[in-house]
Amino acid sequence: MSAKTFEELKLSPWIVRQLKGVGITKPTPIQENCVPQVLEGLEMIEQGQELARRPHIVIATPGRLYDHLNSCNTFHFRRMKYLVLDEADKLLGGPFDDEMKGIFAAVPQNKQTLLFSATMSDVLDKVKAVAKKEVFLWMESSAVKTVEQLRQFYVLCPQYVRDGYLVEAMRRFMEKRPDTSIIIFTDTCKNCQVLSMMLNLVGFENVAMHKMMHQKERLRSLAKFKSNQVNLLIATDLASRGLDIPLVELVINYNVPNAAKVYIHRVGRTARAGRVGYSMTLVTPVDVKLVQNIEQEINTKLEEYKVDAKEVAKIFTHISVTRRECEIQVDQSEFYERKEVNKKKQQILDGIDPDALRDKIIQRLREEKKRKFKRKKTKTKEVTEAGTAE
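Below is the structure:
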């Protein structure tokens, strides 16, 4: 049965209003057939059919499971016995609050809930405090929060020569281990993109992975890295959790993480399954306090990895010029346009009308401008009256 209105296509009300505002009231044949697939996806339909067959185990992300619970009534979790949350600190830490509330509302109270996490956060402490039944808590007996097989280093460097020290540290490490597999973590998507471009130009073939890339591009990068087509992955914290990346020998923190648990998740990409692994963190003088906090949290002192400053000086100009060229390319590309598109896409997924939000911000700025003008006018009037009185 074809949809006669946009409401029947289950578009958000604000989208329907915008369409009516420009005189579009009835979907075209291509919209009738394609919009449902865009909104739900063939994969979503197939998954719904699988859920209707009542599988014994369901493995899902919060967002997708929440969508299924809201979009169909062909299955239920009334007989669920176990609810397992992996990366529980992340799932209960804020970003997935709405989805998790919906999921908890749909599952029976009389179930066993298992929470697994590499780090103990305040959220997990609160869960323990409000639990109706006694909570069984097991923590690894070792006071050290990183594995024994992991050797952890820091590279002390000036801020403006960070890239030179990175290149020289990698060159020296790879001299002894030419086929080593490396992940470099950066703090922002732009840094990730620029660093990837720069390292490719100076002879370190790599792939990048950050949220400004399309999903297909990210999967392609991950596949190349996992299959050893390239041995170097430049990534944001998108790659620090949940991904199955075996045989990573070295993790490099291009920036010192602001939180110890972020550091733990990053370096946890190496030294897995009993293998020896290495981590390096580039540290500038202003980062020393952050490093001390990390050392205190993991109960381990980082060793210094010596880099020859003379060797860095030889490549400084070449590295600096190359990086600047890459920054210019990124600034002139569609990178920021894609960022804005992704931002609007996320707002739509969150049920927010981007245009309404923009109008609200503009209105708030106008009101603030009026208030400032009014205060300035009142102040001028007071000064004038004081002058007249004199």
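Numbering (full-length UniProt numbering), first residue to last: 1 to 390. Beta carbons are placed, not taken as given, at the ideal position from N, Cα and C, and that holds for glycine. All values reported here derive from a predicted model rather than from experimental measurement.
When the beta-carbon positions are compared, P62 and I30 stay at least 8 angstroms from each other. Less than 8 angstroms separates the beta-carbon of H210 from that of Q193. Judged by DSSP in its simplified three-state form, E325 adopts helix. Membership of I264 in the alpha helix (DSSP H) is indicated by the continuous run A260 to V267. For M280, the enclosing beta strand (DSSP E) has its first and last residue at G277 to V283. For R151, the uninterrupted beta strand (DSSP E) run begins and ends at L150 to L156, by DSSP. Leaving aside the five residues that flank A169 on each side, the residues in its chain whose CB is nearer than 7 angstroms to its CB run, in chain order, V155, M280, Y305 and V307. Excluding sequence positions up to five before and after R241, its CB lies within less than 8 angstroms of the CB of E87, K90 and H265, all in the same chain and listed in chain order. A Cβ-Cβ separation of about 11 angstroms leaves V267 out of contact with Q149 under the 8 angstroms criterion. In terms of Cβ geometry, L233 and V256 do not form a close pair [threshold 8 angstroms]. Looking at the backbone, the Cα of V107 and that of F77 are separated by about 5 angstroms. Taking C-beta atoms as the reference points, T284 and T146 fail to come closer than 8 angstroms. In the three-state reduction of the DSSP assignment, N231 falls in the coil class, being assigned neither a helical nor a strand state.
According to the DSSP secondary-structure assignment, N253 is paired through a beta bridge with F185 and T281. If you draw a straight line from the Cα of S117 to the Cα of R269, it is about 15 angstroms long. Between M198 and the set S181, L302, H318 and E175, the nearest pair of CA atoms involves H318. Per DSSP, M170 lies in no beta strand (DSSP E); the unbroken alpha helix (DSSP H) holding it starts and ends at R162 to K176. In the DSSP assignment, M100 falls within the unbroken alpha helix (DSSP H) covering D97 to A106.
Excluding the 5 residues flanking it on each side, A235 has same chain C-beta neighbours closer than 8 angstroms at I183, I184, F185, T186, C192, A208, M209 and H210, in chain order.
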